[in-house]
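Oh and the sequence shown: position 245 is 275 in my numbering, straight run, nothing missing. Glycine residues also receive a C-beta, built at the ideal position from the N, C-alpha and C atoms. Source: prediction; values computed, not measured. What follows is one structure encoded as structure tokens, with my remarks underneath.
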Amino acid sequence: MGAFAADVQRVTVLGAGSWGTAFAKVLGDAGRDVTMWARRESVAEEIRGQHTNFAYLPGTRLPERVTATSDAAAALEGAQAVVFGVPSQSLRANLTGWRPLLPRDAILVSLAKGVELGTLKRMSEVIAELAEVPPEEIVVVSGPNLAREIAGGQPAAAVVACAGHDRAKAVQRATSNQYFRPYTNTDVVGCELGGACKNVIALSCGMAAGMGLGANTMATLITRGLAEMARLGAKLGADPLTFAGLAGLGDLVATCSSPLSRNRTFGERLGRGGTLAQAQAAAGGQVAEGVASCSSIRELAQRVGADMPITEAMHRVCHEGLDPRQAGAELLGRSPKHEWR
31 MGAFAADVQR VTVLGAGSWG TAFAKVLGDA GRDVTMWARR ESVAEEIRGQ HTNFAYLPGT
91 RLPERVTATS DAAAALEGAQ AVVFGVPSQS LRANLTGWRP LLPRDAILVS LAKGVELGTL
151 KRMSEVIAEL AEVPPEEIVV VSGPNLAREI AGGQPAAAVV ACAGHDRAKA VQRATSNQYF
211 RPYTNTDVVG CELGGACKNV IALSCGMAAG MGLGANTMAT LITRGLAEMA RLGAKLGADP
271 LTFAGLAGLG DLVATCSSPL SRNRTFGERL GRGGTLAQAQ AAAGGQVAEG VASCSSIREL
331 AQRVGADMPI TEAMHRVCHE GLDPRQAGAE LLGRSPKHEW R
């Protein structure tokens, strides 16, 4: 891909879940023309006809500038920017079908937060591979962005990261509105790791809440979770300052502390003694991103030699049947160490 539109007006959002829908609203409220792609025609028809997506964001009215279709080719035609809003573990399968339909000079934007199972690739790496574009051209959006709050017009900020700063600035301009304030960054690695790791830490905070533990435990998990994220980031070349910003600490605090966070509420059900299947059933059949990411992030950490005990514990709880209380006891029973080593 070569030239791109510095002033992005026509945007396609692929995915009509909570965050994809909320991001489409952000773009529409910023004066952009948005076409959403929904897997189910019934969802696309509702968005087109009623400007709502009740299944994912009840009570939210979408701007008139937002429309939808279940035809990917129609959705992508003429797009100046393409936003990938599907879950991280399904991105590859979806993008394989979308690849021949992508407009040649469109800016590609990732909303997904995770590390791919098997390949251990970040989402921008998956997009670069399948779309056959240089990794430095992929834009990543991250930060404390709980979809329901943003859909309600509550003030929020985000990070728009891209190694090519001009692309980040183009997306920044396209998403700036009266309630959504995007900042640019060139540290894609740090922003993506923060977005993926915070889901795992939020699982642990949910488990702690489910066991009836309070603010001290929560603050400990958030702070030590931040230390884990920074250690992994250091091994992979991220800027340490990124983890002190919106894509690191900001996203971590929001996801770990809000009942609107799917990862936190999923963990809470496990902390109360529920099984993975029971927690999934209570979540309407949806699995929290952190359940898969705890395994891929754990493997990535092992590959580069980063110590991530909370992530290790979450993997064992979710995939090896470890009791959350036993996981907590093992974390507390680790050998003493200096805080910053």
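Between Thr305 and Ile327, the C-beta gap is not smaller than 8 Å, which leaves the two residues out of contact. Residue state for Pro270 is assigned as helix, using DSSP reduced to three classes. In chain order, Arg62, Asp63, Gln110 place their CB closer than 7 Å to the CB of Gln39, counting only its own chain and leaving out the 5 sequence neighbours on each side.
In the three-state DSSP reduction, Leu256 falls in the helix class (H, G or I).
For a cut-off of 8 Å, the C-beta gap from Cys221 to Ala191 is around 4 Å, short enough to register as a contact. Comparing C-alpha distances from Arg69 to each of His349, Glu107, Val116 shows the shortest one belongs to Val116. By a beta-carbon distance limit of 8 Å, Val201 contacts Ile137. Their separation comes to about 6 Å. For Arg134 and Glu350, the gap between their C-alpha atoms comes out near 45 Å.
Taking a C-beta distance under 8 Å as the contact criterion, Arg95 and Gly47 do not qualify as a contact pair. In the pairwise beta carbon analysis, the segment 164–178 is classified as not touching the segment 120–130: fewer than three pairs are separated by under 8 Å. Counting of Cβ neighbours within 10 angstroms places Glu167 among the buried residues, the total reaching 16 or more.
In this structure, Gly236 places its C-beta atom within 8 Å of the C-beta atom of Arg294.
For Arg178, the uninterrupted alpha helix (DSSP H) segment begins and ends at 177–181.
DSSP links Met66 through a beta bridge to Val43, Ala98.
Taking a cut-off of 8 Å on C-beta distances, the segment 315–322 does not touch the segment 251–271, as fewer than three cross pairs fall below it. Exclusion of the five residues before and after Asn124 leaves Val116 as the residues of its chain whose Cβ lies within less than 6 Å of its Cβ.
A direct Cα-Cα distance of roughly 7 Å separates Val145 from Ser118. Between the segment 268–287 and the segment 330–338, the count of Cβ pairs shorter than 8 Å is below three; the stretches do not touch. Judged by DSSP secondary structure, Arg203 falls within the alpha helix (DSSP H) whose first and last residues are 195–205. Nearest to Arg203 by alpha-carbon distance, out of Val41, Pro366, Glu369, is Val41. Residue environment: Gly303 is assigned as exposed (fewer than 16 neighbouring CB atoms within 10 Å of its CB, all protein chains considered). Here the alpha carbons of Leu44 and Asp101 stand approximately 10 Å from one another. Looking at the backbone, the Cα of Ala277 and that of Gly224 are separated by about 6 Å.
Look at Ile77 here: in three-state DSSP terms it is helix. Around the beta carbon of Trp370, a 10 Å sphere encloses fewer than 16 other beta carbons of the protein chains shown; the residue is thus reported as exposed. The beta-carbon separation of Asn229 and Ser287, rounded to 14 Å, does not stay under the 8 Å limit for a contact.
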